[in-house]
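Visitor: Numbering-wise (our numbering), the sequence shown opens with residue 172 and increments by one. The structure follows.
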Amino acid sequence: MPRIGVFICHCGTNIASVVDVAKVVDTVQKVPGVTIAQDLKYSCSALGQAAIKDAIREHRLDTVVVAACSPRMHEPTFMKCIESAGLNPYQFEMANIREQCSWVHADAAQATEKAIALVKVAIAKAKNLVPLSITKMPVTKHALVVGGGISGIQAALDISKAGYKVTLVEKSPSIGGRMAQLEKTFPTLDCSA
Ligand code: SF4
């Protein structure tokens, strides 16, 4: 069974003025696998991150869930935070209870239920996380363009002009696609082939 720590952010009043944070904490700490659930005023602040690191050490957590803002905003912050406390940074999951909850709902009771559901989903996902490591692979700077119609030809030319090798693949015996089947094209009446 994983040892999951769940941290529910107030974001000042951004979340806490709509979502009943204490109720969310109370509910999710009973979810199997959750070792500790606690609220934080500003999770991304130095104090908030220190509290998460302390909890990781004190409760021997192996996975962390933060319910706060959009992962686009602070997922890297928290991944670095838990990594500095000795965890694999991919043992982390975030629930967005600000942009997708408190900022878009006025009914506090319903918003709180939604926040609980969002956090439970994040916990369920967190239980299936596995530690990952970053590997670097050499890549061949060579593009494959599939389809030798006009757009494929143009894409191949553009990539080639940018300095990369290109292989253009076409299933029919000649390139040009539909365009090559037209006799003349508007407005110049040029022979399209
Ligand atoms: S983690 Fe996100 S939701 Fe929490 S205080 Fe920082 S910006 Fe606000």
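Ideal Cβ placement from N, Cα and C applies to all residues, glycine included. Values in this document were obtained by computation on a predicted structure and should not be read as measured data.
What residue range is occupied by the uninterrupted alpha helix (DSSP H) comprising Asp225?
Guide: One-based indexing of the sequence shown puts residue 225 at position 54. That run of the alpha helix (DSSP H) goes Ala217 to His230.
Visitor: Could you please give the first and the last residue of the uninterrupted alpha helix (DSSP H) stretch that includes Phe249?
Guide: Here the question's residue 249 lines up with position 78 in the sequence shown. Per DSSP, Phe249 belongs to the alpha helix (DSSP H) from Pro242 to Ser255.
Visitor: Using DSSP with H/G/I as helix, E/B as strand and the rest coil, what is Cys362?
Guide: Your numbering for residue 362 matches position 191 in the sequence shown. DSSP places Cys362 in strand when its eight states are reduced to three.
Visitor: Cys272: which of Val290, Ala193 and Asp225 sits nearest, CA to CA?
Guide: As a working note, residue 272 is residue 101 in the sequence shown. When each option's Cα is compared against that of Cys272, the closest is Val290.
Visitor: Kindly identify the DSSP beta-bridge partner or partners of Asp210.
Guide: The sequence position of residue 210 within the sequence shown is 39, counting from 1. Paired residues: Ile179.
Visitor: Taking the straight line between their C-alpha atoms, what separation do you get for Pro260 and Ile186?
Guide: Walking along the sequence shown from the start, residue 260 turns up at place 89. Walking along the sequence shown from the start, residue 186 turns up at place 15. Taking the straight line from one Cα to the other gives about 25 Å.
Visitor: Would you tell me roughly how many angstroms separate the C-alpha atoms of Thr356 and Gly320, rounded to the nearest one?
Guide: Taking the first residue of the sequence shown as position 1, residue 356 is located at position 185. Taking the first residue of the sequence shown as position 1, residue 320 is located at position 149. If you take the alpha carbons of Thr356 and Gly320, they lie about 16 Å apart.
Visitor: Per DSSP, what kind of secondary structure is Val337 in: helix, strand or coil?
Guide: Stepping through the sequence shown from its first residue, residue 337 is reached at position 166. Per DSSP, reduced to three states, the secondary structure at Val337 is strand.
Visitor: What's the gap between the Cα of Ser188 and the Cα of Ile175?
Guide: Here the question's residue 188 lines up with position 17 in the sequence shown. Here the question's residue 175 lines up with position 4 in the sequence shown. One C-alpha to the other measures close to 26 Å.
Visitor: Within 10 angstroms of its Cβ, does Met265 collect 16 or more other Cβ (buried), or is it exposed?
Guide: Here residue 265 corresponds to residue number 94 of the sequence shown, with the count starting at 1. The residue in question, Met265, is buried, as its Cβ has 16 or more Cβ neighbours within 10 Å.
Visitor: Put Leu303 into one of helix, strand or coil per three-state DSSP.
Guide: For the purposes of this step, residue 303 is taken as residue 132 along the sequence shown, with counting starting at 1. The answer is coil: DSSP assigns Leu303 none of H, G, I, E or B.
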